[in-house]
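Q: Below: one structure in structure tokens.
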Amino acid sequence: HAKELGRNNYQWFSTALDTRAHYRIRLRNELQEAIETSQIQVFYQPLIDARTGQTRSIEALVRWEHPTKGIMPPGDFVPLAEETGQIIELGAAVLKQACRDIVALHASGYKECSVSVNVSPTQLRKAGFADTVRDALVQSGLAPENLELEIVESAVLYDADQVISTLNDLKGLGVRIVIDDFGTGFSSLSYLKLFPADKIKIDRSFIKDVIRDRSDAAITQGVISMAHHLRLDVVAEGVETDAHAAFLRRHGCDLLQGFLFSRPMPFTQLKEFMVANQQHLRDTKTPNAEEA
Ligand code: C2E
Ligand code: MG
Ligand code: MG
Ligand code: MG
Numbered sequence: 536h537a538k539e540l541g542r543n544n545y546q547w548f549s550t551a552l553d554t555r556a557h558y559r560i561r562l563r564n565e566l567q568e569a570i571e572t573s574q575i576q577v578f579y580q581p582l583i584d585a586r587t588g589q590t591r592s593i594e595a596l597v598r599w600e601h602p603t604k605g606i607m608p609p610g611d612f613v614p615l616a617e618e619t620g621q622i623i624e625l626g627a628a629v630l631k632q633a634c635r636d637i638v639a640l641h642a643s644g645y646k647e648c649s650v651s652v653n654v655s656p657t658q659l660r661k662a663g664f665a666d667t668v669r670d671a672l673v674q675s676g677l678a679p680e681n682l683e684l685e686i687v688e689s690a691v692l693y694d695a696d697q698v699i700s701t702l703n704d705l706k707g708l709g710v711r712i713v714i715d716d717f718g719t720g721f722s723s724l725s726y727l728k729l730f731p732a733d734k735i736k737i738d739r740s741f742i743k744d745v746i747r748d749r750s751d752a753a754i755t756q757g758v759i760s761m762a763h764h765l766r767l768d769v770v771a772e773g774v775e776t777d778a779h780a781a782f783l784r785r786h787g788c789d790l791l792q793g794f795l796f797s798r799p800m801p802f803t804q805l806k807e808f809m810v811a812n813q814q815h816l817r818d819t820k821t822p823n824a825e826e827a
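In full-length UniProt numbering, the protein residues as written are 536 to 827.
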């Protein structure tokens with residue numbers, strides 16, 4: 536890895552920089568090729584209704600199936616794509632694929648599910664983003680109320696007026712806005728009043744030790760309560776254990792997402808997950824439970 540080379544090569548500083556620069560240029564070119572061929576894939580992770588156990592929504596998470604490096608997680612290339620501007624094209628491709636896939640899922644009988652797509656601040660600030668979203672909806676035939684866009688709170692730190700106006704345009708289309716990684720963005724709570732959000736996602740760093748750490752527990756309970764007073768839904772991400780899920784249910788969290796239910800998976804596997812999820816609900820249904 537060039538990163539490691541850069542760290543060890545302190546004696547030849549410029550050489551190390553050259554190597555790093557070359558690595559980045561190569562990665563950028565490879566990423567361009569990946570976008571143009573079909574190496575960019577979308578994986579899916581379900582969001583589970585904390586009360587009923589049903590899958591309510593599905594988060595789209597990009598993966599790069601690199602010809603030699605294997606499946607690369609977004610952390611390895613999304614930051615670079617943001618710097619180079621490739622995130623615009625990459626993000627639009629993910630959005631289109633996610634809309635198409637969820638329409639196919641609806642067609643196989645799972646009509647209650649929406650899809651949630653991550654949008655980086657760079658995409659949001661680019662003029663015409665709302666048009667990109669409208670095109671994806673029109674081309675796929677997905678109803679706008681079945682699309683959610685996940686945005687980190689720090690997206691409104693710069694250009695607040697412009698970003699909020701774009702968010703309002705998006706709301707105008709009928710899509711929902713989710714604040715992702717809530718609590719990590721160093722943004723002021725006053726932004727929350729301006730942010731036209733429908734849903735808050737509590738960052739998984741608060742969930743990890745929520746059973747043992749009093750501060751994490753207090754923050755998690757507080758965010759759930761605050762969100763409900765603001766009439767927003769709350770999701771907890773990083774739900775890994777039954778204890779996590781029990782704590783979150785007890786405190787009224789609406790939706791749960793994490794490895795406890797499923798890791799992100801390719802679309803073909805998602806369909807299998809949906810079948811198993813429905814079967815599980817039928818098997819565990821109490822006589823008075825509501826029909827799906
Ligand atoms: P995120 O939106 O907060 O997504 C949740 C991340 O947490 C995902 O990592 C997911 O695999 C991981 N995760 C889910 N459940 C658990 C769990 O129980 N335990 C643990 N330890 N992790 C869990 P992933 O897929 O590597 O994505 C990382 C980040 O990359 C995302 O964080 C998002 O910010 C960004 N990203 C992913 N896809 C896209 C995309 O299409 N566009 C943009 N702009 N960013 C994306
Ligand atoms: Mg997200
Ligand atoms: Mg998140
Ligand atoms: Mg996160």
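A virtual CB, placed ideally from N, CA and C, is assigned to each residue, including glycine.
(1) DSSP on Y579, reduced to helix/strand/coil?
(2) Name the one or two DSSP bridge partners that S592 has.
(3) To test your reading of the DSSP string, which unbroken beta strand (DSSP E) runs of 3 or more residues are found completely within the region 717 to 771?
(4) For a test of your reading of the model: does the CB of P581 fall under 8 Å from any non-hydrogen atom of ligand 1? Yes or no.
(5) Just tell me which of S740, D733 and Q792 has its CA closest to the CA of H763.
(6) Compute the distance between the beta-carbons of D553 and L805, then report whether it is under 9 Å.
(7) For H601, which beta-bridge partners are listed by DSSP?
(8) Could you check whether the Cβ of S740 sits closer than 8 Å to any heavy atom belonging to ligand 2?
(9) Following the continuous alpha helix (DSSP H) through V638, name the residue where it begins and the one where it ends.
(10) Going by Cα to Cα distance, which pick from F802, G644 and F717 is closest to G773?
(11) Quick one, what's near ligand 2 if you take every residue whose CB is closer than 5 Å to any heavy atom, in chain order?
(12) Alpha carbon to alpha carbon, how far is L765 from Q756? Give it in angstroms, no decimals.
(13) Could you check the C-alpha separation between V691 and L705 for me, to the nearest Å?
(14) Starting from the C-beta of M809, find all residues in its chain whose C-beta is less than 6 Å away, skip the five residues before and the five after it, and write them out in chain order.
(15) Are L596 and P799 close, meaning C-beta to C-beta below 9 Å?
(16) Rounded to whole angstroms, what's the CA-CA distance from A671 to D818? Just pull it up for me.
(17) Only counting the same chain, and skipping five residues up and downstream in sequence, which positions put a Cβ closer than 6 Å to that of P656?
(18) Helix or strand or just coil, what does DSSP make of R817?
(19) Roughly how many angstroms lie between the CA atoms of R555 and F612, to the nearest whole one?
(20) Are A752 and T701 closer than 9 Å when you measure CB to CB?
(21) Just the C-alpha distance for R711 and S750, rounded to the nearest angstrom, thanks.
(22) Name the two residues that bound the continuous alpha helix (DSSP H) containing V668.
(23) Around the Cβ of Q674, are there at least 16 other Cβ atoms within 10 angstroms (buried) or fewer (exposed)?
A: The answer reads as follows:
(1) Position 44 of the sequence shown, counting from 1, holds the residue named residue 579. Here Y579 sits in strand by DSSP.
(2) As a first step, residue 592 is located in the sequence shown; it is residue number 57 there, counting from the start. Within the DSSP bridge table, the entry for S592 names L582 and S649 as partners.
(3) DSSP runs (the beta strand (DSSP E)) wholly in the region 717 to 771: 734 to 737 and 768 to 771.
(4) For the purposes of this step, residue 581 is identified with residue 46 of the sequence shown, where counting begins at 1. At a threshold of 8 Å, P581 does not count as near ligand 1, since its beta carbon sits no closer than that to any of the ligand's heavy atoms.
(5) On the sequence shown, position 228 is the one that residue 763 refers to. Of S740, D733 and Q792, the residue nearest in Cα terms is D733.
(6) Translated into the one-based positions of the sequence shown, residue 553 becomes position 18. Translated into the one-based positions of the sequence shown, residue 805 becomes position 270. Annotated as distal: D553 and L805, with beta-carbon spacing of 9 Å or more.
(7) Residue numbering aside, residue 601 sits at position 66 when the sequence shown is read from its first letter. Per DSSP, G605.
(8) The residue you call residue 740 lines up with position 205 of the sequence shown. Not under cutoff, so the answer is no.
(9) Walking along the sequence shown from the start, residue 638 turns up at place 103. Unbroken alpha helix (DSSP H) run through V638: I622 to A642.
(10) As a first step, residue 773 must be located in the sequence shown, where it is residue number 238. It is F717 whose Cα lies nearest to the Cα of G773.
(11) The filter returns N653, E685 and D715, in chain order.
(12) Numbered from its first residue, the sequence shown carries residue 756 at position 221. Numbered from its first residue, the sequence shown carries residue 765 at position 230. Whole-angstrom Cα-Cα distance: 14 Å.
(13) Working through the sequence shown from its first residue, we reach residue 691 at position 156. Working through the sequence shown from its first residue, we reach residue 705 at position 170. Straight-line Cα distance between these residues: approximately 15 Å.
(14) Walking along the sequence shown from the start, residue 809 turns up at place 274. So the list reads Y645, once near-sequence residues are dropped.
(15) Taking the sequence shown and counting its residues from 1, the one referred to as residue 596 is at position 61. Taking the sequence shown and counting its residues from 1, the one referred to as residue 799 is at position 264. In this structure, P799 lies closer than 9 Å to L596 by Cβ.
(16) For the purposes of this step, residue 671 is taken as residue 136 along the sequence shown, with counting starting at 1. For the purposes of this step, residue 818 is taken as residue 283 along the sequence shown, with counting starting at 1. For A671 and D818, the distance between alpha carbons rounds to 37 Å.
(17) For the purposes of this step, residue 656 is taken as the residue at position 121 of the sequence shown. So the qualifying residues of the chain are A690.
(18) Reading the sequence shown from its first residue, position 282 is the one you call residue 817. Three-state DSSP puts R817 in a helix.
(19) As a position in the sequence shown, residue 555 is number 20, starting the count at 1. As a position in the sequence shown, residue 612 is number 77, starting the count at 1. Using only the alpha carbons, I get a separation of about 14 Å.
(20) In the sequence shown, the residue the question calls residue 752 occupies position 217. In the sequence shown, the residue the question calls residue 701 occupies position 166. No, the pair does not count as a contact, with Cβ atoms beyond the cut-off.
(21) Indexing the sequence shown from 1 puts residue 711 at position 176. Indexing the sequence shown from 1 puts residue 750 at position 215. Cα to Cα, the separation comes out at about 30 Å.
(22) Taking the sequence shown and counting its residues from 1, the one referred to as residue 668 is at position 133. First-last of the alpha helix (DSSP H) with V668: F664 to S675.
(23) By one-based count along the sequence shown, residue 674 stands at place 139. Label assigned to Q674: exposed.
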